[in-house]
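The structure appears right after this line, and notes come after that.
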Amino acid sequence: MMKSRLIFLLISIALAYEVGVCHGGELRKDFYKDTCPQAEDIVRSIIWQNVANNATLPAKFLRMHFHDCFVRGCDASILLDSTPNNTAEKAAIPNLSLGVLGFDVIDEVKAQLEKTCPGVVSCADIVALAARDSVSFQFKFPIWEVLTGRRDGLISRASEALSNIPSPFFNFTLLKQSFANKSLTVHDLVVLSGGHTIGVGHCNLFSNRLYNFTGKGDEDPSLNSTYASFLKTQCRSLADNTTTVPMDPLTPLSFDNNYFKILLLNEGLFQSDAALLTDKDSSNIVDELLDPDNFFNEFAQSIMRMGSIGVLTGSAGEIRKNCRVVNS
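Mind the numbering: the sequence shown is residues -16 to -1, 1 to 312 in mature numbering (1 follows the signal peptide of the UniProt record, and there is no 0), read in order.
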């Protein structure tokens, strides 16, 4: 398996230049080679130390990266704090599940980078690297290539998070359009949904499938009935917004391709998960990703494409001194 991942990394590196040129402008491999040669080592070291103490962090960093890129592009707008005159993205409902710890770890990384090479490494690149390094911790090896050179945005609005981040209640048509809006394909949609192999879901984001799917006190017929019975023991009512359950009940802390096996058992947690089986092309891609080698290879490529959405490069944006606030 490790040999396969080595091959996948080589493929990712080979694709890196193409992805950077086609989708990410000036993003490139080893962007900080001359200006801050220790940058990626510093990020990895701090991320790995924290993940070793908290196995829930990879899911949070992966979601942070995804939610950042889907709003204004991958510009670290998700890290900005709200101000008296503005409610920022991190305060939007879709981002509340990210919690506090992930943002604190980003602060820790940024503080060390500012000591080592002040004003050089962007918060946007830190988010992209943190996602890769946290997920890769279990393998002790980077499982996708991260191109760098992003700069930080100046604007963060909660309303834009609500309108851009795909909802767990979306059907396939809405999911497809949401990804197309970011120049991502159905293939990317299915592959990146595989990120649900780690992390948890809050009951209020799927309990309508258990208790009131069509407004008549009914259960979603596309949900495995045995699994639904189990979920009802965890989520006692539609109003429960605090209880969480693993999105992958088999290996909730392991980044693998079990998500796609679960889908075919009709045990996808969210309506948006089940939606992937309602389209022929999407369903065929799910079948292809039952091969773990295919999944790791395709995930590496799709997340590189996602990581180059709407990036700021060159003289655009800024390099924040503090990831939570724009420079004064």
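Just so it is clear, CB atoms sit at the ideal spot from N, CA and C, and this is done for glycine as well.
Annotated three-state conformation of Arg116 is helix, per DSSP. In terms of CA proximity to Asp263, Lys160 leads the group Met290, Lys160 and Ser312. Within the stretch 94 to 169, the alpha helix (DSSP H) runs of at least 4 residues that lie entirely inside it are, in chain order, 107 to 120, 142 to 148 and 156 to 164.
At a Cβ-Cβ threshold of 9 Å, Gly183 and Phe279 do not count as neighbours. Excluding the 5 residues flanking it on each side, Ala258 has same chain C-beta neighbours closer than 6 Å at Ser206 and Gly252, in chain order. DSSP places Arg28 in the helix class (H, G or I) of the three-state scheme. Separation of the CB atoms of Thr157 and Asn242 is rounded to 27 Å, and the pair is thereby denied contact status at 8 Å. In this structure, Ala72 lies near Arg141, with their beta-carbon atoms less than 9 Å apart. Residues Arg135 of the same chain have their beta carbon placed closer than 8 Å to that of Ala300, with the five preceding and five following residues left out of the count. In the DSSP annotation of this structure, Val55 is not part of any alpha helix (DSSP H), being labelled neither H nor E. Secondary-structure assignment with DSSP links Val295 through no beta bridge to anything. Cβ contact annotation for Glu144 (same chain, cutoff 6 Å, sequence separation greater than five): Val55, in chain order. Between the beta-carbon of Ala75 and that of Ser66 there is about 5 Å, and that keeps the pair under the 8 Å contact cut.
Selection Asn69, Leu64, Ser81 and Cys101 evaluated against Ile90 yields Leu64 as nearest (Cα-Cα). Annotation: Val119 to Glu98 spans about 24 Å, alpha carbon to alpha carbon.
For a cut-off of 8 Å, the C-beta gap from Ala284 to Glu129 is around 7 Å, short enough to register as a contact. The closest CA to that of Arg47, considering only Leu113, Thr297 and Ile269, is found on Leu113.
Counted as a single uninterrupted DSSP element, the beta strand (DSSP E) harbouring Thr228 occupies residues Thr228 to Pro230. When DSSP states are grouped into helix, strand and coil, Gly83 belongs to the coil group.
For Ser106, same chain residues with a beta-carbon under 6 Å away, outside a window of 5 residues either side, are Arg134, Arg135, Asp136 and Ile303 in chain order.
CA-to-CA, the gap between Thr132 and Tyr195 works out to about 45 Å. Between the beta-carbon of Gln255 and that of Pro152 there is about 6 Å, and that keeps the pair under the 8 Å contact cut. Remark: C-beta atoms of Arg220 and Thr228 do not approach each other more closely than 9 Å. The three-state reading of DSSP puts Glu302 in strand, counting E and B together. Of all alpha-carbon atoms in His186, Ser29, Ser61 and Ser292, the one lying nearest the alpha-carbon of Val93 is that of Ser29. Residue pairing from DSSP places Arg12 in a beta bridge opposite Thr132. As computed with DSSP, Val309 is found in a beta bridge with Asn306.
Here Val84 is exposed. Its C-beta has fewer than 16 other C-beta atoms within 10 Å. Asn70 is bridged by DSSP to Thr67.
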